[in-house]
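Working notes, structure below.
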Amino acid sequence: MSNGIDGDVILRVDDLKKYFTPHQGFLQSFGKVRKVVRAVDGVSFEIRRGEIFGLIGESGSGKTTTGKLVMKLIDPTSGRILFNGRDVTSIGQAETKEYRRQVQMIFQDPYASMNPRFKIRDVLEEPLEIHRISGNRAERDTRVVRALTEVKLTPPEDFMGRFPHMLSGGQRQRVATARTLILNPAMLVADEPVSMIDLSTRAEILHMMKDVQRDLGLTYLYITHDLSTARYFTDRIAVMYLGRIVEMGRADDIIDHPAHPYTRALIEAVPEPVTGKVDEVKELPISGEIPSPSNIPPGCRFHTRCPFAKEECRAEAEPELMDLGGGHYHACRRWKEIG
Amino acid sequence: MKLDDAAFRLKEFWDEFRKERNGLVGLGILAAAILAVFLEPLIIPYPEASSRWRDITYWQDNSKSAPPAWTNLFTARKSAVARTLQDARIQDRGPGEKVYTYTYDYDYNRAPYDLLVRGEGSGNIPLTVTVRRPDGVSVEIVRYVLQDLAGQTFRLSFSNEGRSNALEFLRKTERPENAAQIATMSYGVAEILFSKAEPDFVKGPKPLTGRYEIEVTAGFTDPRASIEHMEIVVVGRVSGILGTDSMKRDIFSGVVAGMKWALMIGLLTSIVSVLVGVFYGITAAYFGGRVDSVMMLIFDYFISLPVLPILIVFSAVYKPSIWTIIAALILFFWVGPVKTVRSMALQIKEETYIEAAKALGAGHGRIIFRHMAPLLIPYSFASMALAVPGAIVYESSVSLLGLGDATIVSWGQILHDALGSGAVLSGLWWWVVPPGLLIAVMGMTFAFLGFAMDKILHPKLKTR
Amino acid sequence: MSETILQVKNLKLYYHTSKGSVKALDDVSFDLAAGETLGLVGESGCGKTTMGTGLLRMPTPPGRFEGGQILVEGRDIIPLPEREIRKDVRWEKVSMVFQGAMNCLTPVYTIGKQMMETLQEHRGMEKAEAQELIKEYLGYVGLPADVTARYPHELSGGMKQRVVIATALFLKPRVVILDEPTTALDVIVQAQIINLLKKLKKTFDLSFIFITHDLALEAEVSDRICVMYAGKIAELGSNEQIYGEKGPAHPYTERLLAATPRLRRKVESLSFIPGTPPDLITPPMGCRFHPRCPKAYDRCRVEEPPVREIEPGHMAACWRCFE
Ligand SMILES: Nc1ncnc2c1ncn2[C@@H]1O[C@H](COP(=O)(O)OP(=O)(O)OP(=O)(O)O)[C@@H](O)[C@H]1O
Ligand SMILES: Nc1ncnc2c1ncn2[C@@H]1O[C@H](COP(=O)(O)OP(=O)(O)OP(=O)(O)O)[C@@H](O)[C@H]1O
Ligand code: SF4
Ligand code: SF4
Ligand SMILES: [Mg+2]
Ligand SMILES: [Mg+2]
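Okay, structure coming up:
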């Protein structure tokens, strides 16, 4: 896949698929056959070194599953993941451990992602212990202090002795970030890192994350359902619908000139803090809710909700991503007609 | 979990635990039991009770099937209590002769079965035992020469060695018309010595209370002759705190010595089997899939084994030692916590922080031991406590059938002997009740502890 | 101006915990007109939910009213006996869609059975009649009648939220309190629910109290907006007064608005409010916002600003606004 923007590729995902087969007991297998959940259904993208790449979509569109696939927390049904040009899809245990030193993850729920019995110091030392880095206590402490300073939890000594429940959500997410930074990773997967944080401090966390990214030259895969923060935070965006990318390009291009009807609908639905809209009922271009990933519609998977859908959309094969130029891709076959 | 953290948690736990009355009762009893184990040599009158339980020579000088001493409190006719008289007044009398004087205050209605002179001697020693009664009369009861001893224990029973002397003494006061009866009467040496010397003794002796002095005169003309640890054993009609059994064994010593075995069997079995069970459960849950299926299959197999029948057959065939019995119990007990642990672990496994640890590169061992196991500690403690009674009861059951380890004394064995000797039929309740009650109390103690812990620690698991 | 149905005067509601009294609502006053939507915004923990449950006169323990009045159609409901409240006020006049209620539907009962329970408890209605009513209300919220036979896990988040809304409307209340009704939903579903609420408001002539922490969302639904900070009202004004060209009056609202990301305008950097909201057991002296306020000056640290009208219909509690 070529594109208009330069930079070397750190992560490439190639036609990645993850199908979940619901667990069946011995007896159940005699009954009705349950359908396969196609959570991720052929996703391809590239992330360049030093870039913030956003993955956006409604609940159930497969964002987290994609993130976990990249983290190798689950194995793909098919497809490949290339990290620095190397296929990491089926590497051994030792290599996976090394891969995980370079690719780290920040989880959505800052309340759940840390062992409640660990003090902040233990939380931050855990990666060092796992990877057998810095043998002695003093050296470890130095690294912990440095990481806490990096995420602006100062004075660091104040926080090291506390338990996670003694911190606010924002502070916890900072600790979670510090935990990933302590291993000097090359890339971070951040799964909705601010969705559970108060609005007033959300910007602060994103700000901090961006600073860290610039200072350390990191690459982010930022997963969110919130277009507004994505516009501010990311360089490029991929919009997912039912396990597939339907539009991808520079953040500004996508939001100012969306090509796919689904992206348009998403943008349309986002509220804006301006006056004078109380009495109007918002025109929503699409209706209904996202279908189940165990029952993906044939043809263009969006056709059941698309206001522009025609018979061809249902009957013909699913459209592939098409290049609009300037690194802007979309997957709507009627793009020309709908303008 | 660092040390100060653990201390804090412990304090928190204790603050909660203090509010559980049953738990406190359990803890109190457990503390007493542990204390008893440590003080065993001090509190039991027969320090070797544990190792020589089945050695009849160790018990031979005791009374047989004697009720506990305190039963005297509930009857008008007091029975002589079993005891030993040790502190002798020693006087030298002439060349090579010593007199050992023991005082004995007799204040009972029923005389002891017998008295013994016991000691360790060397060489040839002529011994004379004279009883000086409160009514001023002295009776020379035993005259005997110890021969060629080399430090062995000698035992001179009054009733064996002194019968003729005692009868002679009796004849002096008894009416001539009763003389024929003397030979056939059931009263023994002790009755004659501790009763009033008056006519019609044979119709019913009357106790002579007061201070008796028992003088043992020993001759030391043989240059090798010496005597050590000489004492007078009063073979009482009532004995000790819990009486004796038909094999003359002191039951109190037996049950106290059995305490440590009960605790050992209970704790060892429960700790090892819970540890095994907990890690089995976690491992099955953590790895899931095929590993889980196979492990659960094995588990199902074990849980459906009938414990007692197998244990009995096994014991009957192998005559196992206590360690083998514990090992066998563990084989059945480890399944106890598996189901619950597995389902708890399945939940914990889904926690985001487990996934986060994986994402950091943590291996299986780290996740199981550092992240999952600590959460199960509370449950493990509770189930350990709850497994103890079962283990104690099973060991007792095996022992009850006479299949226990013959080198130790356990409560189950005491019960087995009691039932085997028809203790219940002959009214020897002091032989049956104490071990039975202790089994029940120990079980209850740990059940109380377990329930209290369960109550306190379980809700903590749900809140994170 | 239309009729006032709800008036809150100097309301105080404290949670008496072992660590001290959490002053979750401290001297709060506002009123609500018929057919109006009042927005309640503020950071997490500022007392929004407390206000909601307080208005139903069912503060969560250990919460207790410590003063003030709640006038529903002119009658103070605080001193009323519980029986009266149940018969006449709660669910009958004022109802509420609780925060996260859609996730609290009992998984073992069908939707129909759960809705039926609410009806029978309050109205002792015949089964057939109740079923008719349930169908009717499901229609209002845009759900097919057959969802009554389904279990909660078979419904999507949006559908469950519709069920909860329908249940809140059953007894024809005049005021509905909506506590974060769309927070867990996707943008498109959120927009659908908002549209639905607007429609229902017209159909039933309802007043809403719309609780959220999202200022952008509030702009689209509320006629008037009440900004709360640390258990107190910081600013209360019309939609125009808060979101208009001129901008809000209170520094807190201003900062909150600046921290709200906007989709349709590229911003280089978002601003945020440093620090965290204060502990409500021992709130700061003077203006509660002063430790985080960029405009704070000496007076703010010692003297608490009262809530004052700074222009018709626009209240604020800030010394700077009074100048
Ligand atoms: N382990 C699993 N087994 C079965 N189905 C799963 C599993 N994990 C995810 N799914 C399903 O896959 C689909 C995609 O889930 P995913 O969590 O990736 O969505 P998401 O885009 O992150 O949504 P959200 O915004 O709610 O986090 C969902 O329908 C989900 O129910
Ligand atoms: N039951 C309770 N006991 C003690 N304190 C409580 C209780 N409920 C709420 N609080 C405290 O009262 C304050 C206000 O809480 P409230 O739930 O009203 O906030 P909120 O604005 O609804 O927050 P959120 O946006 O998180 O829902 C908080 O500081 C909270 O910690
Ligand atoms: S291909 Fe057809 S159905 Fe799909 S988005 Fe385009 S117009 Fe809509
Ligand atoms: S009163 Fe002072 S501290 Fe409070 S908001 Fe106004 S300027 Fe800021
Ligand atoms: Mg997700
Ligand atoms: Mg709330």
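Residue numbers (the working numbering), protein chains in the order written: chain A, -11 to 327; chain B, 8 to 471; chain C, 69 to 391.
From the three backbone atoms N, C-alpha and C, an ideal C-beta is built for every residue, glycine too.
Fill in: Test: L367 of chain B CB closer than 8 Å to a CB of chain A
yes
Worksheet item: Contact between the stretch 219 to 229 of chain B and the stretch 107 to 117 of chain B: three or more CB pairs below 8 Å?
Response: yes
Worksheet item: Can you name, in chain order, every residue of its own chain whose Cβ lies under 6 Å from the Cβ of K467 of chain B, other than the five neighbours on each side?
Response: Because K467 of chain B carries a pLDDT of 47, less than 50, the predicted location of this residue cannot be relied on, and the following value inherits that uncertainty. Excluding sequence neighbours, K467 of chain B sits near nothing in its chain.
Item to complete: Closer than 8 Å, Cβ to Cβ, to anything on chain A: give me those residues from the stretch 82 to 97 of chain C, in chain order.
Response: none
Practice prompt. May I ask you to report which of helix, strand or coil DSSP gives N(-9) of chain A?
Written response: The pLDDT assigned to N(-9) of chain A is 42, lower than 50, so where the model puts this residue is not dependable, and the model offers no usable value.
Item to complete: Can you grab the Cα-Cα spacing for the pair G381 of chain C / G157 of chain A, in whole Å?
Response: 36 Å
Fill in: Minimum Cβ-Cβ distance from G315 of chain C to chain A less than 8 Å
no
Worksheet entry | Option nearest L268 of chain C by Cα separation, candidates C:G299, C:L206, C:L283, C:A384 | C:L206
Worksheet item: Among the residues of its own chain, which have a CB less than 8 Å from the CB of D121 of chain B, if the five just before and after it don't count?
Response: S164, F165, S166, G195, V196, A197, V242
Worksheet item: Looking at V245 of chain B and S86 of chain B, is the spacing between their C-beta atoms short of 8 Å?
Response: yes
Discussion item. Taking 7 Å as the cut-off, is the beta-carbon of I353 of chain A closer than that to any non-hydrogen atom of ligand 3?
Written reply: Since the displayed chain A opens at -11 and closes at 327, residue 353 of chain A lies outside it and no answer follows.
Practice prompt. Buried or exposed for T470 of chain B, please, with buried defined as at least 16 other CB atoms from any protein chain shown within 10 angstroms of its CB.
Written response: Here the model assigns T470 of chain B a pLDDT of 35, short of 50, so the residue's position is not dependable, and the following value carries that caveat. Exposed.
Practice prompt. Keeping to the same chain, check which residues put their C-beta closer than 7 Å to that of H358 of chain C; ignore five residues upstream and five downstream.
Written response: P352, A364, C368, R369
Worksheet item: If you compare alpha carbons, which of A:N172, A:E180, A:V234 is closest to L306 of chain A?
Response: Correcting the residue identity first, residue 306 of chain A is Glu in this sequence and not Leu. Looking at the Cα atoms, A:V234 is the closest of the given residues.
Worksheet entry | Chain-ordered neighbours of A253 of chain A on chain C, where CB pairs are closer than 7 Å | I256
Worksheet item: Comparing the CB of T212 of chain A with every heavy atom of ligand 5, is any distance shorter than 7 Å?
Response: no
Discussion item. Let me confirm a value: M(-11) of chain A is counted as buried when at least 16 other C-beta atoms fall within 10 Å, else exposed. Which label applies?
Written reply: Confidence is the limiting factor: at M(-11) of chain A the pLDDT is only 40, short of 50, which leaves the residue's position unreliable, though a coordinate-based value still follows. Exposed.
Worksheet item: Mind checking A352 of chain B: buried by the 16 CB within 10 Å criterion, or exposed?
Response: buried
Worksheet item: chain B beta carbons: is any one of them nearer than 8 Å to that of P115 of chain A?
Response: yes
Discussion item. Does the distance between the C-beta of P249 of chain C and the nearest non-hydrogen atom of ligand 1 fall short of 7 Å?
Written reply: no
Worksheet item: Which parts of the stretch 269 to 354 of chain C are runs of the alpha helix (DSSP H), unbroken and 4 residues or longer, counting only runs that do not cross its ends?
Response: 283 to 289, 307 to 311, 319 to 327
Worksheet item: Between H316 of chain A and chain D, is there a C-beta pair that is closer than 8 Å?
Response: In the structure shown, chain D does not exist; the protein chains are A, B and C.
Discussion item. Give me the chain A residues within the contact set of T359 of chain B, using Cβ-Cβ distance strictly less than 7 Å, ordered along the chain.
Written reply: F95, D97, A100, S101
Fill in: Per DSSP, cross-strand counterpart(s) of A226 of chain A
A:L43, A:M236
Worksheet item: If you count every other CB in all the chains shown that lies within 10 Å of the CB of F81 of chain B, and 16 or more means buried, which is it?
Response: exposed
Worksheet entry | Secondary structure of F208 of chain B, DSSP reduced to three states | helix
Worksheet item: Pick from C:E377, C:A101, C:E200: whose alpha carbon is nearest that of D243 of chain C?
Response: Sequence check: residue 243 of chain C is Val here, not Asp. When each option's Cα is compared against that of V243 of chain C, the closest is C:A101.
Discussion item. Distance cutoff 8 Å, beta carbons only. Does M59 of chain A sit that close to anything in chain B?
Written reply: yes
Discussion item. Tell me which residue opens and which closes the alpha helix (DSSP H) that A352 of chain B is part of.
Written reply: 345 to 356
Fill in: Close Cβ partners of L70 of chain A (< 6 Å) along its chain, the five nearest in sequence each way excluded
R0
Fill in: Residues near Q154 of chain B in its chain [Cβ-Cβ closer than 8 Å; skip 5 each side]
N131
Worksheet item: Would the stretch 307 to 326 of chain A and the stretch 65 to 85 of chain A be scored as touching if the rule is three or more Cβ pairs under 8 Å?
Response: no
Item to complete: Work out the CA separation of Y386 of chain B and V31 of chain A for me, nearest whole Å.
Response: 44 Å
Fill in: Chain-ordered residues of the stretch 336 to 363 of chain B with a beta carbon less than 8 Å from chain A
E358, T359, Y360, E362, A363
Discussion item. Run through the DSSP bridge pairs and tell me what T72 of chain C is partnered with.
Written reply: C:A101
Worksheet entry | Within 8 Å, strictly: CB atoms of T235 of chain C and T280 of chain C | no
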